[in-house]
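Chemist:
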Amino acid sequence: MMSEQHSNDSSHQAADEAVSSPVSNTVSRLEEEGEIGADYLEELLDIADLGGDIDIDIDHGRASIAVVASEEGDERELADLVGRDGEVLEAVQELTRLAVQARTGNRSRLMLDINGYRADRRTELTKVAQEAVTKVLTSGEAVSLEPMNPFERKVCHDVVAAAGLVSESEGAEPHRYVVVLPADEEGVDEDAEDAADDSASEQA
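Residue numbers (numbering that gives the first Met the number 0): 0 to 203.
1. May I have the straight-line CA-CA distance separating D196 from E31, to the nearest angstrom?
2. Give a yes or no on contact between the region 97 to 112 and the region 126 to 145, applying the rule of three or more CB pairs nearer than 8 Å.
3. Per DSSP, what kind of secondary structure is R152 in: helix, strand or coil?
4. Short of 7 Å in beta carbon distance, which residues of its chain neighbour A78, apart from the five on each side in sequence? Order them along the chain.
5. Count Cβ pairs between the region 76 to 93 and the region 46 to 56 that sit closer than 8 Å; are there 3 or more?
6. When DSSP builds the beta bridges, which residues end up paired with P146?
7. When the Cα of R204 is compared with those of T103, G139, D157, which residue comes out closest?
8. Please classify G264 as buried or exposed, where buried requires at least 16 neighbouring CB atoms within 10 angstroms.
9. Once the 5 residues before and after L109 are set aside, which same chain residues still bring their CB inside 8 Å of it?
10. At 3 residues or longer, and completely inside the region 29 to 71: list those beta strand (DSSP E) runs for me, N to C.
11. Would you say V178 and A141 are within 8 Å of each other, going by their C-beta atoms?
12. Which value, in whole angstroms, describes the spacing of the CA atoms of Y39 and P181?
Pasting the structure below:
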């Protein structure tokens, strides 16, 4: 009996390790992505002679890096790394992902925010999407939003889904946009990568 009990305990331990190991490995991998991305961005800031602190986190199953002002005047300088409508931020994020991929050999879905741009934009888009949902519920007709990048579309898709409606993306990049549909219509699954991103910025 002692031998059988030991065998059962060992089996349970092995099963527990099999369950926990993938989670632990994922966290370690994302932490590594964050560290590599932070090193790349720190070097970029040094080259550009820009000040800023770099915060690393794991958010919604992906590495997340935020570059924030460390002293007065940094915000104005960091704004250059955001650019008009976040265009420069998107480019820097892609370069950071490529730097991570070059080190790890794996495709990175790291998310980058600079100067709080994405956080502010998320708040703004949440309000826009909520207003669109209200219009659809009131009129019973579909509502189209302005063209957005994948990150922004994903924010809107999430808000619409939380409200119990469906949405889809139409058009071609860089003019792709979200359409909020009435409850009796079914969205076309054209945004597999929108849903996976900020599942915010691959091709959708």
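From the three backbone atoms N, C-alpha and C, an ideal C-beta is built for every residue, glycine too.
Modeler: The short version:
1. Here residue 196 is taken as the residue at index 197 of the sequence shown, counted from 1. Here residue 31 is taken as the residue at index 32 of the sequence shown, counted from 1. Caution is warranted here: a pLDDT of 46 is assigned to D196, below 50, making its placement in the model unreliable, and no coordinate value can be reported.
2. Contact between the region 97 to 112 and the region 126 to 145 is absent, because fewer than three Cβ pairs lie under 8 Å.
3. As a working mapping, residue 152 is identified with position 153 in the sequence shown. R152: helix per DSSP, three-state reduction.
4. As a working mapping, residue 78 is identified with position 79 in the sequence shown. Result list for A78: N114, in chain order.
5. In short, these stretches touch, since the Cβ pair count reaches three.
6. Mapped onto the sequence shown, residue 146 falls at position 147. Note: P146 sits in a beta bridge opposite Y176.
7. Since the displayed the chain opens at 0 and closes at 203, residue 204 lies outside it and no answer follows.
8. This structure leaves residue 264 out entirely; the chain is present only between 0 and 203.
9. What you label residue 109 is simply residue 110 of the sequence shown in a count that begins at 1. Excluding five sequence positions before and after L109, the CB atoms of its chain that fall closer than 8 Å to its own CB belong to E32, G33, G36, R61, A62, S63, I64, Q92, T95, R96, V99, given in chain order.
10. Every unbroken stretch of the beta strand (DSSP E) spanning 3 or more residues and falling wholly within the region 29 to 71 is given here in chain order: 52 to 58, 61 to 67.
11. Here residue 178 refers to the residue found at position 179 of the sequence shown. Here residue 141 refers to the residue found at position 142 of the sequence shown. For V178 and A141, yes; Cβs fall inside 8 Å.
12. Reading the sequence shown from its first residue, position 40 is the one you call residue 39. Reading the sequence shown from its first residue, position 182 is the one you call residue 181. Annotation: Y39 to P181 spans about 45 Å, alpha carbon to alpha carbon.
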